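Residue numbers (our numbering): 2 to 570.
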């Protein structure tokens with residue numbers, strides 16, 4: 002029987018249906034109309050956002066909360082280019098995403114047609130792979146390949162550019178159930194020799210540290226890592242995106258390491274004799290000054306992406322494979338280590354350098370976030386924007402559940418927190434807290450309309466210090482407090498602004514009111530907003546200045562002038 006003729010746009014949607022897609026985040030436009038038209042007859046829900054960047058961040062939040070790809074549909078030209086920030090965010094943080102972009106008709110490609118852009122060229126550096134579809138009968142194969150590439154190995158975004166004549170013209174191709182990508186191989190189990198070598202190094206260690214990253218969370222390796230750590234008697238630290246892979250309230254967990262990690266986690270890194278990275282990439286926020294990073298410690302690196310090996314650090318052993326499978330295979334190869342003295346040191350540092358903040362002098366962001374953790378925040382999905390509030394949230398909002406922490410890591414994307422919370426809540430039905438700064442929130446706050454219309458249980462917590470706080474902190478510490486481009490004079494009344502979108506809100510200015518207002522927000526079934534007017538000139542500590550070593554960690558405001566850092570903010 003000959004395949005049934007349909008349009009390319011209908012075939013695209015049918016392919017998504019076959020992959021189990023439930024929701025598409027999008028913004029319509031002329032070049033994408035045939036695909037939007039096909040959605041009318043589909044069970045897939047369209048969420049019409051207010052900006053294409055918001056669509057990508059919602060799809061990102063959906064993906065991080067579920068492990069399933071988020072799907073975006075936008076039009077050509079500016080519709081597609083508005084997705085670039087979201088694509089970069091997803092690529093840097095290994096998030097599976099499918100972005101469908103409309104395109105001008107094939108005969109007009111390269112002729113500067115209305116709303117034409119070389120979308121595949123523009124996005125080439127910020128996707129795992131991309132396609133420009135030139136034949137409608139390639140759609141089933143391309144859709145299947147895109148799904149496979151986005152979700153396997155190290156996940157990432159895949160873009161499919163679809164000319165309008167392709168999506169409104171006929172498609173007669175059958176669906177595709179298998180893929181053939183000869184050059185694309187995904188590591189599974191680790192090499193046995195590498196596993197034995199790693200086990201040998203571990204068994205010689207007296208002061209080990211397990212350094213857990215986002216890859217461990219993606220591979221669902223948390224339970225195996227906890228078993229592994231308990232068998233060894235080793236402490237765990239995590240990256241910003243590794244939060245939630247292992248429960249942060251465990252006594253063997255020292256919290257986040259790195260630039261704004263806990264002082265006791267950083268002391269452990271500074272003094273360990275072995276560090277084992279599990280699904281983590283030794284990024285600059287972790288290593289600081291590379292030449293001084295764990296220079297006398299043995300190093301083991303477990304990662305599914307071999308491109309990460311020897312990129313920053315040259316480990317003693319590299320194990321290519323799925324983090325969960327690698328750790329499961331290592332468990333029987335190791336035994337209990339003699340770490341009693343090590344734990345005396347670790348627990349001593351935990352007592353000597355606790356996370357702390359001033360209790361007087363106005364409402365502190367740290368206090369608000371500490372109270373959120375205590376009154377139920379751990380039961381919600383927490384997303385963040387980027388800046389001081391992000392680091393305070395990472396320190397004080399302990400993550401104990403898998404996929405309950407969502408933050409922009411590698412790209413550091415302001416405007417990410419709120420729309421990603423919408424996507425996460427829509428994906429799971431769970432309430433989410435979007436912890437945002439007054440700067441980043443204003444970049445995507447138009448999605449208040451989306452949250453209201455979709456009745457999403459997202460609670461927006463604006464940590465409002467009327468500054469781009471992290472920029473101000475760096476200017477204070479390293480630029481003689483010469484403030485430029487960091488004062489957010491002109492902020493709106495966020496509670497009134499939310500009300501204009503139909504979203505209720507409350508202001509909080511006193512510590513004594515924090516619990517009451519947070520509990521009010523918890524009780525709301527739809528979106529709501531809490532605007533916390535916090536101390537304007539607080540700084541985030543601990544802090545390792547960019548490009549400095551762990552020995553230069555600051556635990557409080559320095560009393561001497563600081564040299565300008567060599568690394569980025």
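Where a beta carbon is used, it is the ideal one built from N, C-alpha and C, also for glycine.
Predicted model, so just to flag it, every value in this text is computed and none were measured.
Of the residues the options, the one placed nearest residue i, counting alpha carbons only
| i | options | result |
| --- | --- | --- |
| residue 86 | 543, 445, 557 and 471 | 445 |
| residue 329 | 318, 343, 8 and 303 | 303 |
| residue 242 | 381, 257 and 231 | 257 |
| residue 449 | 495, 430, 76 and 469 | 495 |
| residue 512 | 397, 372, 149 and 427 | 372 |
| residue 1 | 260, 419, 359 and 150 | This structure gives no information on residue 1, because the portion of the chain shown stretches from 2 to 570. |
| residue 358 | 367, 352 and 261 | 367 |
| residue 361 | 522, 535, 355 and 436 | 535 |
| residue 76 | 524, 110 and 28 | 28 |
| residue 273 | 498, 14, 297 and 83 | 297 |
| residue 336 | 374, 391, 285 and 232 | 232 |
| residue 260 | 222, 471, 199 and 178 | 471 |
| residue 195 | 331, 566, 356 and 37 | 331 |
| residue 171 | 311, 9, 17 and 102 | 9 |
| residue 352 | 312, 266 and 283 | 266 |
| residue 380 | 401, 387, 498 and 539 | 401 |
| residue 184 | 176, 54, 150 and 562 | 150 |
| residue 158 | 519, 451, 99 and 442 | 99 |
| residue 163 | 412, 135 and 548 | 135 |
| residue 293 | 277, 313 and 278 | 313 |
| residue 497 | 56, 223, 508 and 38 | 508 |
| residue 451 | 15, 19 and 52 | 52 |
| residue 525 | 431, 289, 80 and 192 | 431 |
| residue 547 | 285, 523 and 502 | 285 |
| residue 279 | 311, 226 and 271 | 226 |
| residue 152 | 38, 20 and 327 | 20 |
Contact under 8 Å by Cβ, residue i with residue j
| i | j | result |
| --- | --- | --- |
| residue 439 | residue 463 | yes |
| residue 370 | residue 393 | yes |
| residue 397 | residue 58 | no |
| residue 250 | residue 376 | no |
| residue 305 | residue 240 | no |
| residue 268 | residue 395 | no |
| residue 465 | residue 540 | no |
| residue 187 | residue 213 | no |
| residue 132 | residue 123 | no |
| residue 63 | residue 410 | no |
| residue 461 | residue 66 | no |
| residue 388 | residue 441 | yes |
| residue 16 | residue 141 | yes |
| residue 545 | residue 191 | no |
| residue 499 | residue 506 | yes |
Span separating the alpha-carbon of residue i from that of residue j
| i | j | result |
| --- | --- | --- |
| residue 291 | residue 493 | 43 Å |
| residue 46 | residue 146 | 23 Å |
| residue 44 | residue 167 | 23 Å |
| residue 48 | residue 25 | 6 Å |
| residue 427 | residue 475 | 37 Å |
| residue 216 | residue 6 | 42 Å |
| residue 12 | residue 68 | 25 Å |
| residue 307 | residue 281 | 12 Å |
| residue 528 | residue 324 | 37 Å |
| residue 403 | residue 247 | 8 Å |
| residue 550 | residue 568 | 11 Å |
| residue 197 | residue 319 | 12 Å |
| residue 254 | residue 208 | 15 Å |
| residue 121 | residue 50 | 23 Å |
| residue 116 | residue 34 | 14 Å |
| residue 55 | residue 118 | 20 Å |
Same chain only: Cβ atoms within 7 Å of residue i, ignoring 5 sequence neighbours per side
| i | result |
| --- | --- |
| residue 127 | 85, 88, 89 and 92 |
| residue 556 | 264, 354, 542 and 543 |
Same chain only: Cβ atoms within 6 Å of residue i, ignoring 5 sequence neighbours per side
| i | result |
| --- | --- |
| residue 299 | 202, 275 and 317 |
| residue 340 | 234 |
| residue 137 | 9, 167, 170 and 172 |
| residue 230 | 211, 237 and 253 |
| residue 309 | 282 |
| residue 220 | 323, 324 and 325 |
8 Å contact criterion, which residue i and residue j should meet: CB distance rounded
| i | j | result |
| --- | --- | --- |
| residue 554 | residue 264 | 7 Å |
| residue 22 | residue 61 | That pair is no contact at about 15 Å. |
| residue 32 | residue 103 | 3 Å |
| residue 1 | residue 36 | Residue 1 is absent from the model: the chain starts at 2 and stops at 570. |
| residue 338 | residue 433 | The Cβ separation is near 39 Å, so there is no contact. |
| residue 437 | residue 390 | 7 Å |
| residue 566 | residue 479 | 6 Å |
Residue i: CB within 7 Å of a non-hydrogen atom of the ligand ADP
| i | result |
| --- | --- |
| residue 516 | Questions concerning the ligand ADP fall outside what the structure shown contains, since it holds no ligand whatsoever. |
8 Å CB neighbourhood of residue i in its chain, flanking five on each side removed
| i | result |
| --- | --- |
| residue 486 | 469 and 472 |
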